[in-house]
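Residue numbers (my numbering): 46 to 739.
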């Protein structure tokens, strides 16, 4: 009896993660794991580190790189490559895929004296084009979840090896990751894994078992630090495996050299099973979760599993339009960089910034915070705006406009670029502004997302927050965790019916208050999903674009006209309004501004008559008349000044989303909603709202 055990770790931290998180991860996970593994040269393994993590480790703890280099030289470790900044290959350009892979290959060659033969596919998102896209770099294999192979009709007994696939004569070897191992390591006792190997090997003959999953399971996932290190799970596991002479620790490239493939396979686009649930529209995902549970409870999951499949990763671009907007901005920048290079320009710094803005983590959401983490979204805009700022000198002085359906939604968006900032106006979405990004500070102040229903909100609704043993209890697998990080979250399960863009027009039958606005308890006619038409030729009366729409609400049909004026010399936008036929209604202009910190001493309102203790950005407030106020961000050295004519009332409230994380349900501050409220009195009411960034 003989089996091969191919053990692969994937260590990753996203672009923009907090330094203290990286410090904690290094201390309690990455370094700790490597220290243990170094003591057991016979426990051979493959490891992938993403570029953001490698760069942080090299600058903060270079000894780690040297240790890993020694372990590679003595034959214990095989380095796995991939896209340097961990992009999803299916949503970036072919040139960027090749650029990111080349960057990783060069990095590994210079630090570890090897060019990887295998590569990690971010989130194990497979696309049939990948064999062609990665060709020419000496890459021979990747590893994917076994459900990819089950969907292709591969039977369970054939999964213990590797397969050949190809695209247009570019071939690639693909290892299936064993789902049982992914769930059992490091959560089950070592002898259970040994027993699993024994049962399969005795029944099927010589097998290759592949484990490939997050290195963060060894110290960073809840409860794992004490379990893996304090209770010696990792040492016990290694020693249990090495004690069995019929188990051979094998590196992936060695196994390929020694054993033939199990056969040929063509895999459909997809990822691991859980992600296929998360990628579905939330109400459909909730149905899939129920169906999957019914099948599991029936005991027939093995029969149904090959035929139970959800969505593909790209569906996140539909589920979260803000992700799609970011992605399409990177595609535009990628093409601009390629065009400049064709003309003989060297734009390597801008290209590096672009690659960093392609890091996948803030583009989606599943078990971890993802798109709901404002620091991660902000980091992508930092690098996107950084790349755009570097390219500004090639555009020449003055204002430029690109009018195109970047988002692939059927209607054009307008991207205005000034020397110091960029702005996007979306006529199809209420004539709103979706981006206001300043180049100097590299900050998009309109980076907010709405409160959306997620399938797992059903778990929160059904959770008794006071039930002993449910809240805060350490469990061994976060896939089954239902806990809350704070009480009272159900209050925040409020859902918006349009995107959280700015200069969004709202109509009310009477003056609302701030709390009712936050909880969506005030009757409102939201124009955020309405199409606005151009009102007059661009440039007339100095306006960059003028729009109009008619509302039908509260037994009236007011006409809304608004014109955008972008300052050529400083980050400033003015929007001039004219409302006709709305007498007796209240007209609201909603701005959604995210300065990243809701309850932070360095971020606050400067509002006339409002004391400092009530000026946090997560405060709820109402001012009867407010012509001008400021939002201050001392941390980012940013001040946003908002000025209005017409003495509007101001309602302000925080935008909190409720999402799951590895440590339970949490609420996240996504920005502050500021609604300027005008009581309409005349046949035509006019006013102007200005936003300036300093």
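Positions of the beta carbon are idealized from the N, C-alpha and C atoms, including for glycine.
Residue 364 vs residue 312 beta-carbon contact at 9 Å: no
Quick check: residue 668 and residue 547, are their CB atoms within less than 9 Å of each other? no
List the DSSP bridge partners of residue 221. 189
Since residue 622 is in the beta strand (DSSP E), which residue starts that stretch and which ends it? It spans 617-625 - the beta strand (DSSP E) in which residue 622 sits, taken as one unbroken run.
What would DSSP say about residue 445, mapped onto helix, strand or coil? strand
Taking residue 401 as part of the alpha helix (DSSP H), name the residues at either end of that continuous run. 393-401
Residue burial classification, residue 60 (beta-carbon count within 10 angstroms, cutoff 16): buried
Segment limits, alpha helix (DSSP H) that includes residue 347: Start and end: 346-349.
Should residue 518 be labelled buried (16 or more other beta-carbon atoms within 10 Å of its own) or exposed? Unreliable positioning characterises residue 518 in this predicted model, as indicated by a pLDDT of 40, which lies under 50. A coordinate reading is not provided.
What separation, rounded to the nearest whole angstrom, lies between the Cα atoms of residue 415 and residue 196? 27 Å
Mind checking who residue 478 pairs with in its DSSP beta bridge? 470 and 547
Answer yes or no: do residue 403 and residue 130 have a C-beta to C-beta separation smaller than 9 Å? yes
At what residues does the alpha helix (DSSP H) containing residue 333 begin and finish? Start and end: 327-343.
Return yes when the Cβ of residue 309 is within less than 9 Å of the Cβ of residue 208, no when it is not. Yes, the pair counts as a contact, with Cβ atoms nearer than the cut-off.
My output table needs one value for residue 425: the three-state DSSP class, helix, strand or coil. helix
DSSP has residue 735 in a bridge; who is on the other side? According to DSSP, which records beta bridges pairwise, residue 735 is partnered with 619 and 688.
Please go through the same chain and pick out, in chain order, the residues whose beta-carbon is closer than 6 Å to the beta-carbon of residue 616, but skip the five residues on each side of it. Only residues of its own chain outside the window of five on either side were considered, and among them 465, 466, 483 and 738 have a CB closer than 6 Å to the CB of residue 616, listed in chain order.
Mark residue 536 as exposed unless 16 or more other C-beta atoms lie within 10 angstroms of its C-beta, in which case mark it buried. Exposed, since its Cβ has fewer than 16 Cβ neighbours within 10 Å.
Please classify residue 745 as buried or exposed, where buried requires at least 16 other C-beta atoms within 10 Å of its C-beta. Residue 745 lies beyond the stretch modelled for the chain, which goes from 46 to 739, so this question has no answer here.
Roughly how many angstroms lie between the CA atoms of residue 257 and residue 369, to the nearest whole one? 29 Å
Output the distance between the C-alpha atoms of residue 687 and residue 675, rounded to the nearest integer angstrom. 6 Å
Tell me, to the nearest whole angstrom, how far the beta carbon of residue 125 is from that of residue 117; I am working on the premise that it is less than 8 Å. Actually they are not in contact, since the Cβ atoms of residue 125 and residue 117 sit about 11 Å apart, beyond 8 Å.
Using 9 Å as the threshold, is the C-beta distance between residue 476 and residue 574 below it? no
Using only the alpha-carbon positions, how far apart do residue 193 and residue 316 sit? 7 Å
Can you grab the Cα-Cα spacing for the pair residue 343 / residue 329, in whole Å? 21 Å
Give every residue of the same chain whose Cβ lies closer than 8 Å to the Cβ of residue 613, excluding the five residues on either side of it in the sequence, and list them in chain order. 443, 444, 463 and 464
Confirm, please, whether the CB-CB distance from residue 559 to residue 731 is below 9 Å. no
Specify the secondary structure class of residue 248 as computed by DSSP and reduced to three states. Three-state DSSP puts residue 248 in a helix.
Residues bridged to residue 53 by DSSP? 91 and 257
C-beta contact flag for residue 205 and residue 223 at 9 Å: In contact: residue 205 and residue 223 (Cβ atoms closer than 9 Å).
Please classify residue 240 as buried or exposed, where buried requires at least 16 other C-beta atoms within 10 Å of its C-beta. exposed
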